[in-house]
Amino acid sequence: MEELARESISLIARSASHNEPPRLGSFGAVFILLKSSLGAGLLNFPWAFQKAGGVTTAISVELVSLVFLISGLVILGYASSVSRQTTYQDVVREVCGRAVGQLCEVCFCFNVFMICVAFLVVVQDQLEKLCVSLYETVTGSMEEEMPYHWYTDQRFALFIICLVIILPLSVSKEIGIQKYTSVLGTLAATYLCVAVIVKYFLMDDHTAVITPEHSQGVSSWASMFSVVPTICFGFQCHEACIAIYSSMENQKISHWVLISVISMFFCLLIYTLTGVYGFMTFGRDVASDILMSYPGNDVTMIISRLLFGVSIITLYPIILLLGRTVILNLILRVQRHHRGIVTHSFENRCRVLLTIIWIGVTLLVAMFVPDMAEVISVIGGICAFFIFIFPGLCLVFTMQTESVSPKLKLMLTVWGVITIVVGTFIFGQSTTIAIMELFHKF
12 MEELARESIS LIARSASHNE PPRLGSFGAV FILLKSSLGA GLLNFPWAFQ
62 KAGGVTTAIS VELVSLVFLI SGLVILGYAS SVSRQTTYQD VVREVCGRAV
112 GQLCEVCFCF NVFMICVAFL VVVQDQLEKL CVSLYETVTG SMEEEMPYHW
162 YTDQRFALFI ICLVIILPLS VSKEIGIQKY TSVLGTLAAT YLCVAVIVKY
212 FLMDDHTAVI TPEHSQGVSS WASMFSVVPT ICFGFQCHEA CIAIYSSMEN
262 QKISHWVLIS VISMFFCLLI YTLTGVYGFM TFGRDVASDI LMSYPGNDVT
312 MIISRLLFGV SIITLYPIIL LLGRTVILNL ILRVQRHHRG IVTHSFENRC
362 RVLLTIIWIG VTLLVAMFVP DMAEVISVIG GICAFFIFIF PGLCLVFTMQ
412 TESVSPKLKL MLTVWGVITI VVGTFIFGQS TTIAIMELFH KF
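Position 296, counted from 1, in the sequence shown is what the working numbering calls 307; the numbers after and before it change by one each time, with no gaps.
Written out as structure tokens, the structure is:
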């Protein structure tokens, strides 16, 4: 997920260049799709396995979801080839019309906004554990004996990081740091997967309770479907896939299907291994952020926290850039329509103001979100638009204009409708869960 923004920016720029032909090979496309998927979502998969009711159920949900995930990637590649557009929003606007395109832009902005919130929540969680680790190392005392001071509160530390590091990195017009952080997200995800597996096998005994809380009835089905937003969040690379497809040398749809299947298979392997062994290690007691389940003085996991923290801090500005660009372009269009001209100083003021507001609001939301699972539920619902609903709409609208056999057209149209219905169900379910959690809190 963290790599999605970086690859979107670089590949869109490359695709938009008429002087430079597509040069992305098969290996590069697989690797970039894999990097686009792997990220902070990995932290939640052990919790998702617990929530789903165990390993067998969770893997079954993953495999069913994978069919739609790969289908969405294939549909978007096909829609890009038909429309000749190189960005997600442009493809949706060209294929489905202006109204659906505007809805896509709104969903895109809200999605990247909530991803920024999720990033800050992850950083805040890791700051809490790192503070405990430092206290235990320096004083030799236990976590329960740690006194509270406002300057040791992780929320204050998060505020300082946003003010001193994230804001200066985000305020500039171009985010050049992306070329230095290209592998951090993948490295952090791979390291965590290996560390979770190794930690499980190094345990002296395995006493975690892994039996499901709800083995049958409505509650078991509700628990099973409740993890779909987490899966959507983890596997999401669909916004970047059109830019990747447009940059490939071989743009045959059959080749793109192969690229999508291979990428999602390796992604499934990493997510499943982390989910299985993280869940088997802690059972029902696993936290929504797997790193929060390990002791604060665990050196192996301290390294993982640092990797994830640095990766997110350096990639947050790039995610912000994507959302800010959509909003800023709208403001500039309105200004140009009313004034006839947009000055450089006006654009700079808007950019700085939008950056400050974006960081401030995401920081406030992150500070008062007690559980990572609540953020993932919201993001997973919005992801349903990009993974299910918009691809389904693209397929349905494309079938109205493309010359294919009536039987194939009917089959693809039906599949498009099924995809839309499934996406709508996931969005409605995740929204309901978020609202219920909100009412329960108050």
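Ideal Cβ placement from N, Cα and C applies to all residues, glycine included.
Which residues bound the alpha helix (DSSP H) around residue i?
i	result
E249	Residue identity differs from the one stated: residue 249 is His in this sequence, not Glu. Counting along the chain, the alpha helix (DSSP H) containing H249 begins and ends at H249 to S257.
N308	First-last for N308: undefined, no H or E at that position.
R166	Q165 to I172
I281	I264 to F293
S181	L178 to S181
G64	Where G64 is concerned, there is no enclosing alpha helix (DSSP H), given that its DSSP letter is neither H nor E.
F401	F401 to M410
So, with DSSP's three-state summary, where would you put residue i?
i	result
L35	strand
P158	coil
M378	helix
Q113	helix
V386	helix
T150	helix
M235	helix
T442	helix
M214	coil
S144	helix
H29	Its pLDDT being 46, under 50, H29 is placed unreliably by the model, and the measurement read from it follows with that caveat. Three-state result, H29: coil.
T373	helix
G392	helix
K184	coil
S356	helix
A219	coil
I437	helix
V297	coil
S71	helix
G427	helix
L302	helix
N55	helix
G351	coil
V415	coil
L203	helix
G196	helix
G245	helix
E260	coil
L49	coil
In whole angstroms, what separates the C-alpha of residue i from that of residue j?
i	j	result
F397	Y146	43 Å
G434	Q247	13 Å
V380	F293	23 Å
G392	V128	15 Å
V66	L53	16 Å
V353	F170	33 Å
F290	V207	10 Å
F438	D216	40 Å
I329	S181	7 Å
M315	I370	Position check: residue 315 holds Ser in this sequence, whereas Met was assumed. Taking the straight line from one Cα to the other gives about 25 Å.
L77	V41	16 Å
Y99	I429	21 Å
I273	K46	13 Å
G286	S356	50 Å
G427	N340	31 Å
K239	K62	Note that residue 239 is Val in the sequence shown here, rather than Lys. The straight-line gap from Cα to Cα measures roughly 10 Å.
I390	P417	37 Å
R109	I400	16 Å
S101	V220	Per the sequence shown, the amino acid found at residue 101 is Asp instead of Ser. Rounded to whole angstroms, D101 to V220 spans 49 Å at the Cα level.
I81	E73	12 Å
R360	L332	15 Å
E514	S94	Residue 514 is absent from the structure shown; the chain starts at 12 and stops at 453.
I368	R335	10 Å
F56	C243	11 Å
Y305	R362	40 Å
F121	Y327	15 Å
A200	G50	6 Å
T59	I301	A small fix is needed here, since residue 59 is Ala in this sequence, not Thr. So the two alpha carbons sit approximately 10 Å from each other.
L365	I338	8 Å
L141	T442	33 Å
R34	S258	6 Å
V175	A377	17 Å
Task: Every unbroken alpha helix (DSSP H) within the region 74-129, with a cutoff of 4 residues, ordered by chain - done: Segments of the alpha helix (DSSP H) lying fully in the region 74-129: 99-107.
- [ ] Counting only runs of 4+ residues fully inside the region 309-340, write out the alpha helix (DSSP H) ranges in chain order.
- [x] Fully contained in the region 309-340 is no alpha helix (DSSP H) run of length 4 or more.
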